[in-house]
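Start counting the sequence shown at 1; every next residue gets the next number (full-length UniProt numbering). Glycine residues also receive a C-beta, built at the ideal position from the N, C-alpha and C atoms. These numbers come from a predicted model, not from an experiment. Step one of this worksheet: look at the structure below.
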Amino acid sequence: MSTSRHPIALRLERHVGGATRLLATVMALPLVDGIFPALVIAGALTVPFGIVETGLLIFGGSATMAVVLAEMEGTPREKAVSILLLGAVIVPLAVAEAALAQTIESLLTETFHRFAGLVILAVAAKTASAQVGEYLPRPGAIILLGLVASFDPNGAQLGVTLDPGLLARAAAAAGVGVGFALAVALAGDHLRDRVDIDRFRFGSAVALGMLALSVLGLLPTEQPVALGVLCVTAVFSYDPEAAGDPASSDGVGPDATPANADGESDAPASRVGADGGGGSGDAVGSAPAATTAGGVDSAGTVDVDAEGTNPTGIDPVDGGTTADVNEGESDDGPNRAPWL
């Protein structure tokens with residue numbers, strides 16, 4: 001990734017090319033691995049907070065943010081169109097898998113809930129560290145093992161039962177994930193330099209762990225613990241002052257322009273004082289120019305001597321010119337300054 005080495009997104013990026021396809025793979029991965037049906041069977045969508053947590057952490061999360069901010073190119077409107085097209089596919093798939101999960105739920109025992117919690121913990125570990133994730137089984141393997149361990153054929157009847165409320169909650173959870181990706185895409189120009197994706201990734205891993213504990217029954221499901229952790233993570237990951245100031249980054253501060261302006265205005269005055277030529281050459285802060293008998297303006301020489309820079313009348317910048325002027329002056333001239 002260009003701005004974040006997200007383990008999950010980086011692994012998928014090696015297999016699929018293009019930012020849009022990568023985002024589609026990241027958001028559809030819970031449907032492919034069976035994580036979302038497992039959460040449906042475990043009852044993660046029974047409360048409103050569970051719908052929001054599932055949408056933000058399963059369909060959204062740090063991997064989606066990393067892909068949208070680091071990989072997707074184009075204007076925010078172009079990104080939004082791509083995400084909406086993905087949402088038009090992901091939401092119906094989520095509804096279909098929720099219907100399938102509701103159908104096979106009668107064939108499984110409560111043991112499957114434990115495997116659903118374990119698969120969320122595995123995803124959290126993979127999100128936090130790629131090295132730890134290498135030693136963990138794939139989520140699909142954990143779910144398959146859970147299906148085998150919790151399958152109960154005694155008295156089970158396979159029948160298609162559709163609960164409109166459950167299907168609506170499944171669509172809402174997928175819609176929350178799509179909305180999260182859409183919000184990140186629209187605010188991408190503002191968030192790109194102000195959000196620490198790695199910090200958000202670790203916080204999302206902790207929130208996934210809290211969600212897993214809720215699925216396992218170790219935390220009360222009616223309390224939005226995972227959502228609270230995710231909100232705190234978002235606050236600490238956002239730094240409004242992280243974006244660099246264009247003026248300071250270019251090396252031009254607010255004091256640079258006045259300094260340059262003063263330097264430009266001082267240069268002509270110093271040349272006039274050094275050359276001492278013409279009746280129109282008045283140095284800054286000097287008295288009116290005095291004209292010698294030969295018609296040579298001695299204002300430059302007087303200014304240099306008055307400042308105490310060179311008592312001999314030779315200017316250190318242009319010594320040859322001042323020396324010629326002094327040689328051209330008559331020692332007996334009536335207008336010669338007495339201190340010369």
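Residues bridged to residue i [DSSP beta-bridge criterion]
{"i": "F151", "result": "L108"}
{"i": "V132", "result": "Beta-bridge pairing links V132 to no other residue."}
{"i": "V195", "result": "Y238"}
Proximity winner among the options, relative to residue i (alpha-carbon distances)
{"i": "A170", "options": "V91, I120 and I83", "result": "V91"}
{"i": "L57", "options": "L211, E71, D198 and L85", "result": "L211"}
{"i": "G117", "options": "A38, A205 and V26", "result": "A38"}
{"i": "G188", "options": "T75, H113 and L108", "result": "T75"}
{"i": "L227", "options": "L29, H190 and V52", "result": "V52"}
{"i": "A28", "options": "L218, F151 and A181", "result": "A181"}
{"i": "M65", "options": "L219, G217 and D196", "result": "D196"}
{"i": "A63", "options": "M72, T54 and V26", "result": "V26"}
{"i": "L191", "options": "V68, Y135 and G55", "result": "V68"}
{"i": "R77", "options": "L186, V95, Y135 and A168", "result": "L186"}
{"i": "V95", "options": "A168, V232 and E105", "result": "A168"}
{"i": "residue 371", "options": "T111, V178 and E222", "result": "The question about residue 371 has no answer here: the residues shown for the chain are numbered 1 through 340."}
{"i": "G43", "options": "P220, V232 and S129", "result": "P220"}
{"i": "D198", "options": "A130, G55 and T54", "result": "A130"}
{"i": "L107", "options": "V47, N154 and V232", "result": "N154"}
{"i": "P127", "options": "E222, A70, G55 and G209", "result": "One point to set straight first is that residue 127 is Thr, not Pro, in the sequence displayed. Here the closest residue by C-alpha is G209."}
Chain-order list of residues whose beta-carbon lies under 8 Å from that of residue i (same chain, five-residue window excluded)
{"i": "P139", "result": "D33, G34, I35, V119, A122 and V123"}
{"i": "D163", "result": "Q102"}
{"i": "M72", "result": "A19, T20, L23, K79, S82, A185 and G188"}
{"i": "F200", "result": "S62, M65, T233, A234 and S237"}
Neighbourhood of residue i by C-beta distance below 6 Å, restricted to the same chain and skipping five residues each side
{"i": "V206", "result": "V229"}
{"i": "T109", "result": "S150 and D152"}
{"i": "V132", "result": "A125"}
{"i": "E105", "result": "I41"}
{"i": "L213", "result": "L219"}
{"i": "T178", "result": "According to the sequence provided, residue 178 is Val. The question's Thr does not apply to it. Here the set comprises G87."}
{"i": "C231", "result": "none"}
Beta carbon of residue i nearer than 8 Å to that of residue j
{"i": "L100", "j": "L31", "result": "no"}
{"i": "L45", "j": "L166", "result": "yes"}
{"i": "V184", "j": "A98", "result": "no"}
{"i": "V235", "j": "H113", "result": "no"}
{"i": "P224", "j": "F49", "result": "yes"}
{"i": "L145", "j": "F115", "result": "yes"}
Cβ neighbours of residue i in the same chain (closer than 7 Å, five flanking residues each side left out)
{"i": "residue 344", "result": "With the chain running from 1 to 340 in the structure shown, residue 344 is simply not present."}
{"i": "E222", "result": "V47"}
{"i": "T54", "result": "L39, A44, L45 and A173"}
{"i": "G61", "result": "S204"}
{"i": "S249", "result": "A caution first: S249 carries a pLDDT of 40, below 50, which makes its placement in the model too unreliable to give a value."}
**Prompt:** If you pair each beta-carbon of the segment 76 to 84 with each one of the segment 197 to 206, do three or more pairs fall below 8 Å?
**Reply:** No, because fewer than three Cβ pairs between the segment 76 to 84 and the segment 197 to 206 fall closer than 8 Å, the two stretches do not touch.
**Touch test, the segment 170 to 185 against the segment 85 to 105, Cβ-Cβ under 8 Å, three pairs minimum** = In short, these stretches touch, since the Cβ pair count reaches three.
**Message:** With three or more C-beta pairs closer than 8 Å as the rule, is the segment 18 to 27 touching the segment 131 to 150?
**Reply:** no
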